[in-house]
Amino acid sequence: MNALVYSKKETLVIKAVIEKTHIDSKLAQRLRDLKVDLDSAPVAREWKRQQKTSGSAPCRFGSENQELRAPRWGQKKQEPMDRRFQKDSKQEALKHDTFRQVPPRAVQNPRNERLSPKVPTHSSPLKDLSPIHWAEKAWKPRRGNTDPVEAKAKEIRGLLNKITPTTFDDLAKKFLEEDIYKNAEVLPSVVDIIFDKAVEEPTFCPLYSDLCARQVTKEKETANTNAFQSSIIRRCQKTFEAEGKLAFEEKITGLRNEISEKTEEKEKAVIEERIQELTKKERRRIIGNIGLIAQLYRNGLLNLRVINFAIMTLLKANGDARDGDEAAIECAIKLITDVGKSWVTQKELQSKKLPKCAKTQAEKELNLLEYVRYLDHHATTFCNRIRFAIKDLVELKNNKWEPRKSQAHKGPKTVEEVRAEARREKLQNQIEREQFEKEKKKPNRTPGTLRRR
1 MNALVYSKKE
11 TLVIKAVIEK
21 THIDSKLAQR
31 LRDLKVDLDS
41 APVAREWKRQ
51 QKTSGSAPCR
61 FGSENQELRA
71 PRWGQKKQEP
81 MDRRFQKDSK
91 QEALKHDTFR
101 QVPPRAVQNP
111 RNERLSPKVP
121 THSSPLKDLS
131 PIHWAEKAWK
141 PRRGNTDPVE
151 AKAKEIRGLL
161 NKITPTTFDD
171 LAKKFLEEDI
181 YKNAEVLPSV
191 VDIIFDKAVE
201 EPTFCPLYSD
211 LCARQVTKEK
221 ETANTNAFQS
231 SIIRRCQKTF
241 EAEGKLAFEE
251 KITGLRNEIS
261 EKTEEKEKAV
271 IEERIQELTK
281 KERRRIIGNI
291 GLIAQLYRNG
301 LLNLRVINFA
311 IMTLLKANGD
321 ARDGDEAAIE
331 CAIKLITDVG
341 KSWVTQKELQ
351 SKKLPKCAKT
361 QAEKELNLLE
371 YVRYLDHHAT
381 TFCNRIRFAI
391 KDLVELKNNK
401 WEPRKSQAHK
411 GPKTVEEVRA
421 EARREKLQNQ
431 IEREQFEKEK
441 KKPNRTPGTL
451 RRR
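Anchor point for the sequence shown: position 59 equals 59 in the UniProt record's numbering, and the numbering is continuous, going up by one each time.
In structure tokens:
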């Protein structure tokens, strides 16, 4: 079927020609047969003007097929009248709600811009909001009203946190510049921080002891006083005083009474775990302080009378306890082990100035060998762990207080020491690898066979 197809533009031009020439041609009749309403169609010039202002392409769909027209990019698809009526009714119903709907967007989008989604906005009046509640004791920053003693103690703790064998010299100078011994309020806090650091980092006890020795030396040279050393001695004696131990035992007794009052097993297990945690913490505190005390004696900041008092207090605590105090025995073994080498060195130096059979001042103030014999004699009354610790102590004494190679150096190392150790390990691995390659290249021979000549 051959049918003529005319565009809208052509039909409008034909209409304009017919109106101007007043010619009633067969073309107009054929256009009417095609259901083209020539009477209501606009003039070609007006249609072109509308085309320029709107900026959209002419519609190529009939009025009955408008629903089939695909929407352009960024435009909404036109909905049927019944759905549009329902949406309009919903919008009218939501006008009095607290949420205000965003006005509908235009159908046409000449620039083909991407449209953002609708976002509801809250339009509740401010008078409906409840007033802000202000606390009577509101938190306020304490930066401006910080206690100077706490600030200085915090500064010293930060300095001690950075101490390593590599940075020791530089940080020791900064510590000495503070002149802690001149401030009687800050001095006890600084000494407590040093002992706390010894508990937290036992391997750094030699560094903290060396730092205290430098502080004592500077104080004697500049002010000819011993305030720092006296504060250290008082803190050492406080470690073994009965008051601290009684407070700890009262706390443990209170927790055990709570266990007897509880009925549920979960609550009892929680309290029992708390008791074990406090016991380990107390043991770690005493052992850390003992390690620092031994290092202070090595630097000459404590005399042998303080060491003797500490060992006697620990052994007496074991004797006074009904079932014994193995933790006190363990601390005594730790203290004797750490002090032994320095005590022997001091005794040998004093014996050179005395007759052969005369007792040295070190033996008079601290008879360390007698304590070792006492522990060895009562070793069978302790558990296996303490028994083996006493055995190691006796072996150390017989070896002239020289530790084993595996226990010779447990402290922190400098960067150069770590690098040197890495080089030694690398060289040792290379030697072992070469030996393995040599053994691998040798011909395999069955043992007991003779080589043929």
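The beta carbon of each residue, even a glycine, is placed where N, CA and C say it ideally should be.
Cutoff 7 Å; reference residue i; Cβ partners in own chain excluding five residues on either side
i: A106; result: Low confidence applies here, because A106 scores a pLDDT of 47, under 50, leaving its location unreliable; read the following figure in that light. Excluding positions up to five away in sequence, the list is empty.
i: V394; result: V372 and D376
i: E326; result: F382, C383 and I386
i: L171; result: L159, K162 and I163
i: E421; result: none
Beta-carbon spacing of residue i, residue j below 8 Å
i: K218; j: L176; result: yes
i: R186; j: I193; result: Here the sequence assigns Val to residue 186, which means Arg is not the residue at that position. No; because the gap between Cβ atoms is not below 8 Å, this pair is not in contact.
i: L304; j: I293; result: no
i: K413; j: P188; result: no
i: G288; j: P202; result: yes
i: I275; j: I252; result: yes
i: I286; j: I329; result: no
i: I259; j: K268; result: yes
i: A153; j: V190; result: yes
i: E363; j: K352; result: no
i: I333; j: A389; result: yes
i: E282; j: F248; result: yes
i: K280; j: I271; result: no
Cβ neighbours of residue i in the same chain (closer than 8 Å, five flanking residues each side left out)
i: G300; result: A213
i: Y208; result: L160, I163, I194, K197, A198, L292 and Q295
i: T225; result: Y181 and E219
i: F309; result: Q237 and F240
Cutoff 6 Å; reference residue i; Cβ partners in own chain excluding five residues on either side
i: W401; result: G340, K341 and V344
i: N318; result: G324, D325, A328 and I329
i: F228; result: Y181, Q215, V216 and E219
i: L368; result: W343
Cβ-heavy atom distance, residue i to the ligand GTP, below 7 Å
i: T222; result: Looking for the ligand GTP in the displayed structure turns up nothing, as the structure carries no ligands at all.
As assigned by DSSP and simplified to three states, the class of residue i
i: K341; result: helix
i: T166; result: coil
i: C357; result: coil
i: C383; result: coil
i: P412; result: coil
i: I132; result: coil
i: P188; result: helix
i: G300; result: coil
i: P148; result: helix
i: N367; result: coil
i: E402; result: coil
Test: residue i CB closer than 8 Å to a CB of chain D
i: K154; result: The structure shown contains no chain D, having only a single protein chain.
Just list the alpha helix (DSSP H) runs in the segment 197 to 277, keeping only unbroken ones of 4 residues or longer that don't cross its boundaries, in chain order.
-> 205 to 222, 227 to 239 and 242 to 261
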